[in-house]
Amino acid sequence: MSWREEIREIVKGEVKFDEPMSRHTSFSIGGPADCFITPQDIEDLKKIILFSRKRRLPLKVMGQGTNLLVRDRGIRGIVVRLGKGFEGVKFFENDLLAGAAVRLSVLIKMAASKGLGGLEFTVGIPGSLGGAIATNAGTEAFSVSQRLESIRVMTGEGKVKDLKANHLNFGYRRCHLEENSIILDAKLRLERMKEDEILKRMNAFLDRRERTQPLGTANAGCIFKNPDPHTPAAKLIEGAGFKGKRIGGASVSKVHANFILNLKKAKAEDVLVLMEAIKEEVKRKTGIDLEPEIEIWGEG
Numbered sequence: 432m433s434w435r436e437e438i439r440e441i442v443k444g445e446v447k448f449d450e451p452m453s454r455h456t457s458f459s460i461g462g463p464a465d466c467f468i469t470p471q472d473i474e475d476l477k478k479i480i481l482f483s484r485k486r487r488l489p490l491k492v493m494g495q496g497t498n499l500l501v502r503d504r505g506i507r508g509i510v511v512r513l514g515k516g517f518e519g520v521k522f523f524e525n526d527l528l529a530g531a532a533v534r535l536s537v538l539i540k541m542a543a544s545k546g547l548g549g550l551e552f553t554v555g556i557p558g559s560l561g562g563a564i565a566t567n568a569g570t571e572a573f574s575v576s577q578r579l580e581s582i583r584v585m586t587g588e589g590k591v592k593d594l595k596a597n598h599l600n601f602g603y604r605r606c607h608l609e610e611n612s613i614i615l616d617a618k619l620r621l622e623r624m625k626e627d628e629i630l631k632r633m634n635a636f637l638d639r640r641e642r643t644q645p646l647g648t649a650n651a652g653c654i655f656k657n658p659d660p661h662t663p664a665a666k667l668i669e670g671a672g673f674k675g676k677r678i679g680g681a682s683v684s685k686v687h688a689n690f691i692l693n694l695k696k697a698k699a700e701d702v703l704v705l706m707e708a709i710k711e712e713v714k715r716k717t718g719i720d721l722e723p724e725i726e727i728w729g730e731g
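Heads up, this note's numbering is the position in the sequence shown plus 431, with the first residue counted as 1.
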């Protein structure tokens, strides 16, 4: 029996083969994944992990694909995206327990309806809670780690572990997780607030994003990390003359220079060539090495 036939038999969730990753990333770019699986529950996920180990197949786990560029030849092995079985939310006095797959936009509104604030800074940040934790998403002043109490993960051996937030060594746009660990859910500590005050704060954050970021065109968010809190990558890119610069179907945004847009059927190669040109010119002009904030998967 081929591995493709076998995986169909053991997984309850949806299994697709040769699935275009352009359908699953906010960039709308990417070649096919050999196998794309949406596990139904934790037991399903464990079966996939153990199967990939047995068959020695590469395994990658994604959130909503909002911080991801997939290369044009796609991804070998298995890609997992957590689905509805990982979207549950439970509320307590000042805490909530939420599945890794729940969208941030949904979670903020649910919390607000319960009079729980503290996540307003994430409004307008696309993607799932798990992805936000893995990248310590946030703004210049706030980050998800500041609200995190603990997470539950599945290890690369299929075991479930509870981890306290202070053991995760959070930093700027990073979270130190054991290799191949998958975030299952998270406990967040929030604040009691009036719903109208929460909505007011949400609107203020959203208004700023709408004024300063290109929200209407396919993109993957900020492409490069800020070298430090006082040196925005966007300013360096604009200073290097790349605002509005286009290669193929990919263009640096005229609104925010740290965004690359998929204007017209861009290839991953268009984005990568543009990124490399930006890095080289910023390095030449300033001596600063820009580090990608997005993840880059697959074969060129």
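In this text, a Cβ means the ideal position worked out from N, Cα and C, and glycines have one as well.
Where R576 falls, given that 16 or more other Cβ within 10 Å makes a residue buried = One-based indexing of the sequence shown puts residue 576 at position 145. Looking at the sequence provided, one finds Ser at residue 576 rather than Arg. Buried is the call here.
One or two residues paired with M624 in a DSSP bridge | As a working mapping, residue 624 is identified with position 193 in the sequence shown. DSSP, once it has assigned bridges, lists no residue as partnering M624.
Report the residue from K698, D627, L490 whose alpha carbon sits nearest the alpha carbon of A543.
-> As a working note, residue 543 is residue 112 in the sequence shown. For the set K698, D627, L490, the Cα lying nearest the Cα of A543 is the one of D627.
Please report the Cβ distance between L535 and S559, rounded to the nearest whole angstrom; I am assuming they are in contact, meaning their Cβ atoms lie under 8 Å.
-> Numbered from 1 along the sequence shown, position 104 holds the residue referred to as residue 535. Numbered from 1 along the sequence shown, position 128 holds the residue referred to as residue 559. With a beta-carbon spacing of about 7 Å, L535 and S559 fall inside the 8 Å limit used to define contacts.
Proximal residues to G496 (C-beta, below 7 Å), its chain only, five neighbours per side dropped | By one-based count along the sequence shown, residue 496 stands at place 65. Only residues of its own chain outside the window of five on either side were considered, and among them H455, T456, S457 have a CB closer than 7 Å to the CB of G496, listed in chain order.
Are three or more beta carbon pairs between the stretch 702–722 and the stretch 550–559 nearer than 8 Å?
-> At 8 Å Cβ cutoff, the stretches do not touch.
If you draw a straight line from the C-alpha of G555 to the C-alpha of C606, how long is it?
-> Numbered from its first residue, the sequence shown carries residue 555 at position 124. Numbered from its first residue, the sequence shown carries residue 606 at position 175. G555 and C606: Cα-Cα distance of roughly 21 Å.
Where does V704 fall in DSSP's three states?
-> For the purposes of this step, residue 704 is taken as the residue at position 273 of the sequence shown. In this structure, V704 counts as helix in the three-state DSSP scheme.
Hey, how far is the Cα of A765 from the Cα of V501?
-> Not covered by the structure: residue 765. The range shown for the chain is 432 to 731.
Candidates E440, I691, L667: closest to G675 by CA position = The residue you call residue 675 lines up with position 244 of the sequence shown. Ranking E440, I691, L667 by CA distance to the CA of G675 puts I691 first.
Rounded to whole angstroms, what's the CA-CA distance from N657 to S433? Just pull it up for me.
-> Taking the sequence shown and counting its residues from 1, the one referred to as residue 657 is at position 226. Taking the sequence shown and counting its residues from 1, the one referred to as residue 433 is at position 2. Here the alpha carbons of S433 and N657 stand approximately 46 Å from one another.
Enclosing beta strand (DSSP E) for V510 [first to last residue] = Looking up residue 510 in the sequence shown gives position 79. In the DSSP assignment, V510 falls within the beta strand (DSSP E) that extends over 506–512.
Pick helix, strand or coil for D503, following the three-state DSSP scheme.
-> The count along the sequence shown starts at 1 and reaches residue 503 at position 72. D503 falls in the coil class under three-state DSSP.
Take A568 as the anchor and find which of V511, I506, C653 has the nearest alpha-carbon.
-> Translated into positions along the sequence shown, residue 568 becomes position 137. Checked all of V511, I506, C653; the closest Cα to A568 is C653.
Below 9 Å between beta carbons: does that hold for E700 and D475?
-> The residue given as residue 700 occupies position 269 in the sequence shown. The residue given as residue 475 occupies position 44 in the sequence shown. Contact check for E700 against D475 fails: the beta carbons are separated by 9 Å or more.
Spell out the partners DSSP gives I678 in its beta bridges.
-> On the sequence shown, residue 678 is found 247 positions in, with the first residue counted as 1. In the DSSP secondary-structure assignment, I678 is bridged to A681.
Validate contact between the stretch 514–527 and the stretch 592–602 using beta carbons, cut 8 Å, 3 pairs = At 8 Å Cβ cutoff, the stretches do not touch.
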